[in-house]
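Asks:
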Amino acid sequence: MASVQLKLVDDLPREYSRFNEHEHRPLNPWLNWGHYVAFRLGEARGWGRGVRFGVQRALVILLSGHIEGDVVRYSEMFPALRALGVSSERTADVLGEMGILLDDRRPSFEDWLERKLDGIAPGIARETERWLRALRDGGPRARPRNVETVWNYLNYARPLLLAWSDRYDHLREVTRDDVLNALDTLHGSQRQNSLIALRSLFRMAKKTGGIFRNPTARIRVGERHSTLVQPLQPDQIEKTVIAAVRPADRLIIALAIVHAARSGGIRRLHLDDIDLGNRHLTIAGRSRPLDELTHRELLNWLDYRRSRWPNTANAHLLVNQQTALETGPVSAVWLKAAFRGREATLERLRVDRQLEEALTHGADPLHLAVVFGLDEKTALRYATAARALLESPLEHDTVGSPRTHGSSPAPGGNPPSGSQRGTFTRAEPTGL
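Be aware that the sequence shown starts at 1135, since it is given in our numbering, and climbs by one per residue.
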């Protein structure tokens, strides 16, 4: 067996780009183990021949001189593999399985935080950073918040913090009058959301001893007045359909426009949730009959999926070039990419479907709650919007021509199958 030189100094950076593939030591047990793990992962996840070859080549570069106690740093591995066009993610999966990967990448949250706190006075920024980290990570008596919630909180509070940074050096200098004066320049949801963010910030600062008195105490947020839900126009939907150029886009639209599926529910759909024989699908735990449109788009997508990634082991219904080699769902960014900037987004299509159901059934919130699994407040909101639309003169003029997706089930049932549905252009826009 070929000898391996022991390290004289720990933690020296490795220069993998200088590796000579023709002089590597093929008998290194770490390299043999890496090839075994790569083979097992490749079989389990359906890696193609090109991916397998690239990972094996990467392991030769990274593990030929590996000894007990060594780690492979992602920051050192990535430049060398990128220069060779080898997948760092797949290689990192193998090294992680072996327990020798040190993922020293800087989290995107840190870059975002540094950028957003720039320009804020140091004393205010210090308390703000502590608050944001507590929101993200949680604590003994607080659950971690979704990172999108953290983003929104700071986006609402940041303009006020920047303005106060011109006069103050620390958060404890901000008074109740400062808060009220700042809120007087805001209106509607902007004012409410900004106050909610500030209350959270000052509450945390008082709890940790950063301030002595909470200037937002006893300032009322006020009642939230949600805008009336408005139906989409056919031309808005047609523009979204025209933008659906990827093979999966047509199915995504069908799930939103017919079944009112949320983007998260669509991303989490598994192959086991689809029962083509009995024409049923399960979205977010609710079983629904398959209509003709969704059934057709499902068949088209499954044919494409089978031909494009025949060996993938990913059990999710929707996969792309990246997730076909993994086991997780597609990202929310990928799911909505084709519809970004359109008036009829996936969320608007989902809302529009539920509004149409309310219009068809006389604004019955109980029916909406049963069909779509809505909570009480949401069902009442759609029922109120539908009632307002039905009472308008324009709606009375067109009441003889229902604008729904077709007949709907009685309370307690599910949407009808394709053979029971009426014809309506919005359920199947031109091109779908």
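Glycine residues also receive a C-beta, built at the ideal position from the N, C-alpha and C atoms.
Could you tell me whether the region 1184-1202 touches the region 1425-1440, where touching means 3 or more Cβ pairs closer than 8 Å?
Replies: no
Asks: Quick one: complete alpha helix (DSSP H) runs, 4+ long, within the region 1363-1387?
Replies: 1368-1376
Asks: Identify every residue that forms a DSSP beta bridge with A1276.
Replies: To locate residue 1276, count along the sequence shown from 1; it is residue 142. Per DSSP, G1273.
Asks: Applying the criterion that 16 or more other CB atoms from any shown protein chain within 10 Å of the CB defines a buried residue, is A1339 buried or exposed?
Replies: Taking the first residue of the sequence shown as 1, we reach residue 1339 at position 205. So A1339 counts as buried.
Asks: For the beta strand (DSSP E) that H1414 lies in, which residues bound it at each end?
Replies: Here the question's residue 1414 lines up with position 280 in the sequence shown. Its beta strand (DSSP E) spans residues 1414-1417.
Asks: Measuring CB to CB, does R1380 end up less than 9 Å from A1472?
Replies: Within the sequence shown, numbered from 1, the residue matching residue 1380 stands at position 246. Within the sequence shown, numbered from 1, the residue matching residue 1472 stands at position 338. Result yes, Cβ atoms of R1380 and A1472 sit closer than 9 Å.
Asks: Is F1506 buried or exposed, if buried means 16 or more other CB atoms sit within 10 Å of its CB?
Replies: For the purposes of this step, residue 1506 is taken as residue 372 along the sequence shown, with counting starting at 1. Buried.
Asks: Excluding the 5 residues preceding and the 5 following Y1150 in the sequence, name in chain order all residues of the same chain whose CB lies nearer than 6 Å to its CB.
Replies: Counting from 1 along the sequence shown, the entry for residue 1150 is found at position 16. Cβ within range, chain order: I1195, A1214.
Asks: Hey, could you find the ends of the alpha helix (DSSP H) S1209 is sitting in?
Replies: Start at 1 with the first residue of the sequence shown, and residue 1209 comes out as number 75. Element bounds for S1209: 1208-1218.
Asks: What do you reckon, are the CB atoms on Q1488 and L1469 nearer than 9 Å?
Replies: As a first step, residue 1488 must be located in the sequence shown, where it is residue number 354. As a first step, residue 1469 must be located in the sequence shown, where it is residue number 335. Going by C-beta atoms, Q1488 is not nearer than 9 Å to L1469.
Asks: Spatial neighbours of R1240 within its chain, please: CB distance less than 6 Å, with the 5 preceding and 5 following residues excluded, ordered by chain position.
Replies: Reading the sequence shown from its first residue, position 106 is the one you call residue 1240. Spatial neighbours of R1240 in its own chain (CB-CB distance under 6 Å, excluding positions within 5 residues in sequence) are not present.
Asks: Please say whether D1238 and Y1287 have beta carbons closer to each other than 9 Å?
Replies: As a position in the sequence shown, residue 1287 is number 153, starting the count at 1. As a position in the sequence shown, residue 1238 is number 104, starting the count at 1. Not a contact, by the Cβ cut-off of 9 Å.
Asks: Measuring alpha carbon to alpha carbon, tell me which residue in D1303, E1477, E1481 is nearest A1466.
Replies: The count along the sequence shown starts at 1 and reaches residue 1466 at position 332. Of the listed residues, the one whose Cα sits closest to A1466 is E1481.
Asks: Can you have a look at A1388 and say buried or exposed, based on whether 16 or more other CB atoms are within 10 angstroms of its CB?
Replies: Your numbering for residue 1388 matches position 254 in the sequence shown. Looking at its Cβ environment, which holds 16 or more other Cβ atoms inside 10 Å, A1388 is buried.
Asks: Please work out which residues of its chain come closer than 6 Å, Cβ to Cβ, to W1298, disregarding the five sequence neighbours upstream and downstream, and give them in chain order.
Replies: Locating residue 1298 in the sequence shown gives position 164, where the first residue counts as 1. Counting only Cβ-Cβ distances below 6 Å, and skipping sequence neighbours, we find V1308.
Asks: For D1409, which beta-bridge partners are listed by DSSP?
Replies: Taking the first residue of the sequence shown as 1, we reach residue 1409 at position 275. DSSP lists H1414 as partners of D1409.
Asks: Quick one: residues in its chain with C-beta nearer than 7 Å to the C-beta of F1212, no 5 flanking neighbours on either side, listed in chain order?
Replies: In the sequence shown, the residue the question calls residue 1212 occupies position 78. Once the five neighbours on either side are set aside, the close Cβ partners of F1212 are S1222.
Asks: Is DSSP giving Y1150 helix, strand or coil here?
Replies: Taking the sequence shown and counting its residues from 1, one reaches residue 1150 at position 16. In this structure, Y1150 counts as helix in the three-state DSSP scheme.
Asks: Quick check: what's the CA-CA separation for N1315 versus H1304?
Replies: Here residue 1315 refers to the residue found at position 181 when the sequence shown is read from its first residue. Here residue 1304 refers to the residue found at position 170 when the sequence shown is read from its first residue. Spanning the two alpha carbons is a distance of roughly 18 Å.
Asks: Taking a contact to mean a Cβ-Cβ separation below 9 Å, would you say L1294 touches L1332 in this structure?
Replies: Here residue 1294 corresponds to residue number 160 of the sequence shown, with the count starting at 1. Here residue 1332 corresponds to residue number 198 of the sequence shown, with the count starting at 1. Their beta carbons are under 9 Å apart, which means L1294 touches L1332 by this criterion.
Asks: So which of D1252, W1167, A1517, P1463 has the shortest CA-CA distance to E1231?
Replies: For the purposes of this step, residue 1231 is taken as residue 97 along the sequence shown, with counting starting at 1. When each option's Cα is compared against that of E1231, the closest is W1167.
Asks: Around the C-beta of E1177, are 16 or more other C-beta atoms found within 10 angstroms, so that it is buried, or is it exposed?
Replies: Sequence index remark: in the sequence shown, residue 1177 carries index 43 (1-based). E1177 should be labelled exposed.
Asks: Would you give the residue range spanned by the alpha helix (DSSP H) that R1442 belongs to?
Replies: Looking up residue 1442 in the sequence shown gives position 308. Element bounds for R1442: 1426-1442.
Asks: If you follow the alpha helix (DSSP H) that R1310 is in, where does it begin and where does it stop?
Replies: Counting from 1 along the sequence shown, the entry for residue 1310 is found at position 176. Run containing R1310: 1310-1318, per the alpha helix (DSSP H) assignment.
Asks: With distances taken from CA atoms, which of Y1302, V1313, G1322, P1274 is nearest R1567?
Replies: The structure shown does not extend to residue 1567, since the chain is modelled only from 1135 through 1566, so no value can be given for it.
Asks: Buried or exposed: H1450, going by 16 or more other Cβ atoms within 10 Å of its Cβ?
Replies: Within the sequence shown, numbered from 1, the residue matching residue 1450 stands at position 316. Buried.
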